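Input: a single structure, listed below in structure tokens.
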Amino acid sequence: MRIRHLLCALLACAGLQAHAALKVVACEPEWAALATELGGDKLQASSATTALQDPHRIEARPSLIARVRNADLLVCTGMELEVGWLPVLLQQSGNARVAPGSAGFFEAGKYVTALDVPTRVDRSQGDVHTSGNPHIQLDPRNIALVAKALAERLAQLDAANARVYQERHAAFAARWAEAQRRWEQQAAPLKGLNVVVHHKNMGYLWQWLGMREIGTLEPKPGLEPSAGHLGALKAQLAKQPARLVVRAAYQDPRASQWLSEQARIPAVALPFTVGGNEQAKDLFGLFDSTLSLLLTAAR
Amino acid sequence: MFAFRTAVAGACLAVSVPSFVAAQQTTPAPTPTPASAFNPAISLILNGTYAHLSRDPETYRFQGFIPSGGEIGPGGRSFQLGESELTLSAAIDPTFNGRFTAAVTPENEVEVEEAWFERTGLFNGATLKGGRFLSAIGYLNGLHAHTWDFSDAPLAYQAFFGGALKNDGLQLRWLAPTDRFIALGAEVGAGRTFPGSDTSRNGAGVVALTAHVGDDLGASSSWRAGVSWLRHRATERSFDDSDSLGTAVTNSFTGRSTTWVLDAVYKWAPQGNATGRNLKLQGEYFRRTEKGMLDFDTTSQAGGPLSDSYRNTQSGWYAQAVYQFMPRWRVGTRYDRLDAGTARIGLVDNGTLTAADFPALAKAKPERSTVMLDYAPTEFSRVRLQFAADRSRGDGTDRQIFLQYIMSLGAHGAHSF
Chain F
1236 MRIRHLLCAL
1246 LACAGLQAHA
1256 ALKVVACEPE
1266 WAALATELGG
1276 DKLQASSATT
1286 ALQDPHRIEA
1296 RPSLIARVRN
1306 ADLLVCTGME
1316 LEVGWLPVLL
1326 QQSGNARVAP
1336 GSAGFFEAGK
1346 YVTALDVPTR
1356 VDRSQGDVHT
1366 SGNPHIQLDP
1376 RNIALVAKAL
1386 AERLAQLDAA
1396 NARVYQERHA
1406 AFAARWAEAQ
1416 RRWEQQAAPL
1426 KGLNVVVHHK
1436 NMGYLWQWLG
1446 MREIGTLEPK
1456 PGLEPSAGHL
1466 GALKAQLAKQ
1476 PARLVVRAAY
1486 QDPRASQWLS
1496 EQARIPAVAL
1506 PFTVGGNEQA
1516 KDLFGLFDST
1526 LSLLLTAAR
Chain B
514 MFAFRTAVAG
524 ACLAVSVPSF
534 VAAQQTTPAP
544 TPTPASAFNP
554 AISLILNGTY
564 AHLSRDPETY
574 RFQGFIPSGG
584 EIGPGGRSFQ
594 LGESELTLSA
604 AIDPTFNGRF
614 TAAVTPENEV
624 EVEEAWFERT
634 GLFNGATLKG
644 GRFLSAIGYL
654 NGLHAHTWDF
664 SDAPLAYQAF
674 FGGALKNDGL
684 QLRWLAPTDR
694 FIALGAEVGA
704 GRTFPGSDTS
714 RNGAGVVALT
724 AHVGDDLGAS
734 SSWRAGVSWL
744 RHRATERSFD
754 DSDSLGTAVT
764 NSFTGRSTTW
774 VLDAVYKWAP
784 QGNATGRNLK
794 LQGEYFRRTE
804 KGMLDFDTTS
814 QAGGPLSDSY
824 RNTQSGWYAQ
834 AVYQFMPRWR
844 VGTRYDRLDA
854 GTARIGLVDN
864 GTLTAADFPA
874 LAKAKPERST
884 VMLDYAPTEF
894 SRVRLQFAAD
904 RSRGDGTDRQ
914 IFLQYIMSLG
924 AHGAHSF
């Protein structure tokens, strides 16, 4: 008898949950920002990581397990970016709604064309991802592709509000296309510029803006910059000069500062994702800030 | 008795399953996968040490503790191959996951470390595991040896469980639907290993209950703490000792062994970015009460063994700190302490024998101090230098130096907190 009461109470709770806002947990801040653009107050989006953390190396903390446990939708980049921590969250959360393959598991990387897909994969190459470079968020064209797919997924999961997601997506897509035109005009002076980058995580940005990455501070992806490698890079820059040395907000500034002093080129810390600096409060701010930092430094 | 109670609890949970499953059904999106994706992920851990020990490892023991017969002590001297750990894991079907870990010992024997299937989302937040698995008690118990921060297990794990506690049985875990991490678990198993015993019987030889709570403290810190309770049944669990004349005898214990474990771990990294610097503090406390009958000289030719009551409460703890002061480099320190307690032996209290007839159980407080320095070029390789002063034997100090390597080939599973 008492068990039946308890069951009824639990079912009532489950029923209430269905009417509450969709709980979206994003693996990276850019997808939490995108979900908020598309869902407004119909969903509650939070990010498992911040712009000041290396998305490859995240602790599968108890608080994250609890958040995944209660999520209706997980929005992650995929492409093995989260392979070091997301499987633990999925396994320990016991939440079948967001298991890979179910509607509650969304991988942004599936909807864009990957760069740097390796022809040879073994660990001697460093931290390479078999499905290509997973840092897809710095090309606004990728954001537009992911936005379309994510809006469809939200409408599928929360059919009662499907129209809201469609309308919000249409409005976002229009504003985004407008902003992209503006950014492309602003970025014209950056075309053909040579840059050195800390980690190979800005490839999509360079491709969009027509910039050229001529070196990395890391000897191989995921390996810390070493004195020997930096020395060789400095020698290389004497022959083939770069205009900027660029890093993401979460990366240690020491290596790029050293190269900046040695090669006499400005060091730039880009926000990399939403929350990476004061201006990058949302996706529009992320690109506004990225372009203004690059343009100022390259002037 | 407790086996029956557990069965009732399981049946109640099973009743509530169908309604939840119906509520959770989702439409799977089609995902094209290459054929190789159907192969299990394979990973292999290579490890080995060079050990320099001031005392002969053959004489290693924890004074005052009934020998566990498990993996205790610092291992052998000189160059040592550690256990090579081969793991295969995969999703079995949409419902089950499976994992198999075999340890190949340097003596060319294969041991099944883990072999389990798992059903996640059994009902909301619940996971059922079956087979042989590392028990969820405490903190370090659930972690594989290659993820440990020191080259050996804390003394408390060695003395209380003969290494890590593995269960052949079932485990049910449930995560509460709260913002704070609250995980509850229940396990039943055969309990064939210490402090249980390998005897033929029906029912469960061990029952364990676990509760863990965890959260963040701002952006930079997080913690997890827990309490575990476990009860083993021991039947004629024998151990070697010598009597007051120095003659080797075999004694055995039959009774109930109840262990409490408290565990806590705290991690700090600036803004949660552990790549550069990070700190990990960890500690566990064990307390075990054994109550039952002690048989003296079970192989005695003269009229069968002497037998009377036995009761003892023993405890142990360790605390450790590991600090990564720059990328790739970490230092760590650990302190271990055990308290063998005062054994109440009926045969001694009633004057049949004297305390000198049970030298292995004589009161002692073993302790050990350890420091280590390790270097990990990537997350797949690590070398470690470790020094320890071990006073477990109850007579003098064993000075230990270890140089260890741990290499990881193939798929590298994500690490738990």
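Chains as they are written, first to last, in the working numbering: chain F, 1236 to 1534; chain B, 514 to 930.
Note that beta-carbon positions come from the ideal geometry of N, C-alpha and C, so glycine has one too.
These figures come from a predicted structure and were not determined experimentally.
Q.
According to DSSP, is ARG824 of chain B part of a helix, a strand, or is it coil?
A. Within the second sequence, the letter at position 311 stands for residue 824 of chain B. In the displayed model, ARG824 of chain B falls within a strand according to three-state DSSP.
Q) Which residues in the same chain as ALA889 of chain B place their Cβ atom closer than 6 angstroms to its Cβ, once the five residues preceding and following it in sequence are excluded? A) Counting from 1 along the second sequence, the entry for residue 889 of chain B is found at position 376. Contacts found: ARG841 and ARG895.
Q.
Which residues does DSSP list as the beta-bridge partners of ASN610 of chain B?
A. Locating residue 610 of chain B in the second sequence gives position 97, where the first residue counts as 1. Paired residue(s): B:ALA604 and B:GLU631.
**Q.** Per-residue burial, GLY1450 of chain F [other beta carbons within 10 Å of its own, 16 or more giving buried]
**A.** Taking the first residue of the first sequence as position 1, residue 1450 of chain F is located at position 215. With 16 or more Cβ atoms within 10 Å of its Cβ, GLY1450 of chain F is classed as buried.
Q: Compare the Cα-Cα distances from VAL719 of chain B to each of B:HIS725, B:ASP711 and B:VAL726 and report the closest residue.
A: The sequence position of residue 719 of chain B within the second sequence is 206, counting from 1. Shortest Cα-Cα distance from VAL719 of chain B to any of B:HIS725, B:ASP711 and B:VAL726 involves B:ASP711.
Q) CA-CA distance, ALA1386 of chain F and ARG1410 of chain F? A) On the first sequence, residue 1386 of chain F is found 151 positions in, with the first residue counted as 1. On the first sequence, residue 1410 of chain F is found 175 positions in, with the first residue counted as 1. Each residue's alpha carbon lies about 15 angstroms from the other.
Q: Just the C-alpha distance for LEU1309 of chain F and LEU1494 of chain F, rounded to the nearest angstrom, thanks.
A: Taking the first residue of the first sequence as 1, we reach residue 1309 of chain F at position 74. Taking the first residue of the first sequence as 1, we reach residue 1494 of chain F at position 259. Approximately 39 angstroms between the Cα atoms of the pair.
Q: Compare the C-beta of ALA717 of chain B with all C-beta atoms of chain F and state if any pair is closer than 8 angstroms.
A: To locate residue 717 of chain B, count along the second sequence from 1; it is residue 204. No, no contact with chain F.
Q: Just grab the DSSP bridge partners of VAL762 of chain B for me.
A: Position 249 of the second sequence, counted from the first residue, corresponds to residue 762 of chain B. According to DSSP, which records beta bridges pairwise, VAL762 of chain B is partnered with B:ASP754.
Q.
Counting only Cβ-Cβ distances shorter than 8 angstroms, please list the residues of the stretch 1288 to 1311 of chain F near chain B, keeping chain order.
A. Listed by position, the residues of the stretch 1288 to 1311 of chain F near chain B (Cβ gap below 8 angstroms) are GLN1288, ASP1289, ARG1292, ILE1293, GLU1294, ALA1295, ARG1296, PRO1297, SER1298, ILE1300, ALA1301, ARG1302, ARG1304 and ASN1305.
Q) Of the residues F:LEU1278, F:ALA1382, F:VAL1363 and F:VAL1260, which one's Cα is nearest the Cα of VAL1347 of chain F? A) Residue numbering aside, residue 1347 of chain F sits at position 112 when the first sequence is read from its first letter. It is F:ALA1382.
Q. Which residue's Cα is closest to the Cα of PHE551 of chain B: B:PRO667, B:ILE585, B:LEU601 and B:GLY586?
A. Stepping through the second sequence from its first residue, residue 551 of chain B is reached at position 38. Looking at the Cα atoms, B:LEU601 is the closest of the given residues.
Q. Listing by chain order, which chain B residues have their CB less than 8 angstroms from the CB of VAL1356 of chain F?
A. To locate residue 1356 of chain F, count along the first sequence from 1; it is residue 121. The premise fails here: VAL1356 of chain F is roughly 12 angstroms from chain B at the closest Cβ pair, so nothing lies under 8 angstroms.
Q: Counting only the same chain and skipping the five closest in sequence on each side, list residues whose C-beta sits under 6 angstroms from that of VAL617 of chain B.
A: Reading the second sequence from its first residue, position 104 is the one you call residue 617 of chain B. If we look at VAL617 of chain B and ignore the five residues flanking it on each side, its Cβ neighbours are SER597 and VAL623.
Q) Just checking, does the stretch 869 to 881 of chain B make contact with the stretch 682 to 694 of chain B on the three C-beta pairs under 8 angstroms criterion? A) The stretch 869 to 881 of chain B, when compared against the stretch 682 to 694 of chain B, does not touch it at the 8 angstroms Cβ threshold.
Q) Who pairs with ASP887 of chain B in a beta bridge, going by DSSP? A) Residue numbering aside, residue 887 of chain B sits at position 374 when the second sequence is read from its first letter. ASP887 of chain B is bridged to B:ARG843 and B:ARG897.
Q: Under 8 angstroms by Cβ, that's how I've got ILE858 of chain B and LEU807 of chain B pegged, so tell me the actual separation to the nearest angstrom.
A: The count along the second sequence starts at 1 and reaches residue 858 of chain B at position 345. The count along the second sequence starts at 1 and reaches residue 807 of chain B at position 294. Indeed they touch by this definition, with Cβ atoms about 6 angstroms apart.
Q: Measure how close the beta-carbons of PHE673 of chain B and GLY829 of chain B come, nearest whole angstrom, since I'm counting them as under 8 angstroms.
A: One-based indexing of the second sequence puts residue 673 of chain B at position 160. One-based indexing of the second sequence puts residue 829 of chain B at position 316. Rounded, the Cβ-Cβ distance is 7 angstroms, consistent with contact.
Q: Could you check if PHE838 of chain B is buried or exposed, using at least 16 other CB atoms within 10 Å of its CB as the buried criterion?
A: Here residue 838 of chain B refers to the residue found at position 325 when the second sequence is read from its first residue. Sixteen is the threshold: since fewer than 16 other Cβ atoms of the shown chains lie within 10 Å of the Cβ of PHE838 of chain B, the residue is exposed.
Q: Check whether the Cβ of GLU1459 of chain F lies closer than 8 angstroms to any Cβ atom in chain B.
A: Here the question's residue 1459 of chain F lines up with position 224 in the first sequence. GLU1459 of chain F counts as touching chain B.
Q: Taking only beta carbons into account, state which residues of the stretch 664 to 690 of chain B come closer than 9 angstroms to chain F, listed in chain order.
A: Taking 9 angstroms as the Cβ-Cβ cut-off against chain F, the residues of the stretch 664 to 690 of chain B that qualify are ARG686, TRP687, LEU688, ALA689 and PRO690.
Q) Could one say the Cβ of TRP1320 of chain F lies closer than 8 angstroms to chain B's Cβ atoms, at least one of them? A) Locating residue 1320 of chain F in the first sequence gives position 85, where the first residue counts as 1. Taking Cβ atoms only, chain B reaches closer than 8 angstroms to TRP1320 of chain F, which makes this a yes.
Q: Check whether the stretch 1352 to 1360 of chain F touches the stretch 1319 to 1326 of chain F, taking contact to mean three or more Cβ pairs, one atom from each stretch, closer than 8 angstroms.
A: The answer is no - the stretch 1319 to 1326 of chain F does not touch the stretch 1352 to 1360 of chain F, with fewer than three Cβ pairs under 8 angstroms.
(Q) What would DSSP say about GLY709 of chain B, mapped onto helix, strand or coil? (A) In the second sequence, counting from the first residue as 1, residue 709 of chain B sits at position 196. It is coil, neither helix nor strand.
Q. Is the distance from the Cβ of GLY1361 of chain F to the Cβ of LYS1455 of chain F below 8 angstroms?
A. Here residue 1361 of chain F corresponds to residue number 126 of the first sequence, with the count starting at 1. Here residue 1455 of chain F corresponds to residue number 220 of the first sequence, with the count starting at 1. Result yes, Cβ atoms of GLY1361 of chain F and LYS1455 of chain F sit closer than 8 angstroms.
**Q.** Delimiting residues of the alpha helix (DSSP H) encompassing LEU1269 of chain F
**A.** Position 34 of the first sequence, counted from the start, is the residue given in the question as residue 1269 of chain F. 1264 to 1274 is the span of the alpha helix (DSSP H), which, as asked, contains LEU1269 of chain F.
Q) Name the DSSP beta bridge partners of ARG1388 of chain F, please? A) For the purposes of this step, residue 1388 of chain F is identified with residue 153 of the first sequence, where counting begins at 1. Per the DSSP secondary-structure output, ARG1388 of chain F pairs with nothing in a beta bridge.
Q) Which residues does DSSP pair with THR802 of chain B in a beta bridge? A) One-based indexing of the second sequence puts residue 802 of chain B at position 289. DSSP lists B:THR771 and B:THR826 as partners of THR802 of chain B.
Q.
Spatial neighbours of LEU916 of chain B within its chain, please: C-beta separation below 6 angstroms, excluding the five flanking residues on both sides.
A. Your numbering for residue 916 of chain B matches position 403 in the second sequence. Excluding sequence positions up to five before and after LEU916 of chain B, its CB lies within less than 6 angstroms of the CB of TYR563 and LEU898, all in the same chain and listed in chain order.
Q. Is the stretch 797 to 814 of chain B touching the stretch 759 to 778 of chain B in the sense that three or more CB pairs, one from each, lie closer than 8 angstroms?
A. Flag = yes, the stretch 759 to 778 of chain B and the stretch 797 to 814 of chain B touch.
Q: Taking the CB atoms as reference points, tell me whether VAL1430 of chain F and LEU1472 of chain F lie closer together than 8 angstroms.
A: Residue 1430 of chain F sits at position 195 when you count from the first residue of the first sequence. Residue 1472 of chain F sits at position 237 when you count from the first residue of the first sequence. If you check the CB distance, VAL1430 of chain F and LEU1472 of chain F do not come in under 8 angstroms.
Q) With 16 as the cutoff for other CB atoms within 10 Å, does ARG769 of chain B come out buried or exposed? A) Taking the second sequence and counting its residues from 1, the one referred to as residue 769 of chain B is at position 256. Burial call: exposed.
Q. Quick one: what's got a C-beta closer than 6 angstroms to ALA1504 of chain F's C-beta in the same chain, skipping five residues either side?
A. Start at 1 with the first residue of the first sequence, and residue 1504 of chain F comes out as number 269. Closer than 6 angstroms at Cβ, skipping near neighbours: ARG1482 and ALA1484.
Q: Using a Cβ cut-off of 8 angstroms (strictly closer), state whether THR1285 of chain F contacts chain B.
A: Counting from one through the first sequence, the residue named residue 1285 of chain F turns up at place 50. Taking 8 angstroms as the threshold, the shortest C-beta distance from THR1285 of chain F to chain B falls below it.
**Q.** 4 or more residues per run - each alpha helix (DSSP H) lying fully within the stretch 1265 to 1342 of chain F
**A.** Those alpha helix (DSSP H) runs which fall completely within the stretch 1265 to 1342 of chain F and span 4+ residues are 1297 to 1304 and 1321 to 1328.
Q. Hey, would you say TYR823 of chain B sits closer than 8 angstroms to GLY796 of chain B, going by beta carbons?
A. Here residue 823 of chain B refers to the residue found at position 310 when the second sequence is read from its first residue. Here residue 796 of chain B refers to the residue found at position 283 when the second sequence is read from its first residue. In this structure, GLY796 of chain B does not lie closer than 8 angstroms to TYR823 of chain B by Cβ.
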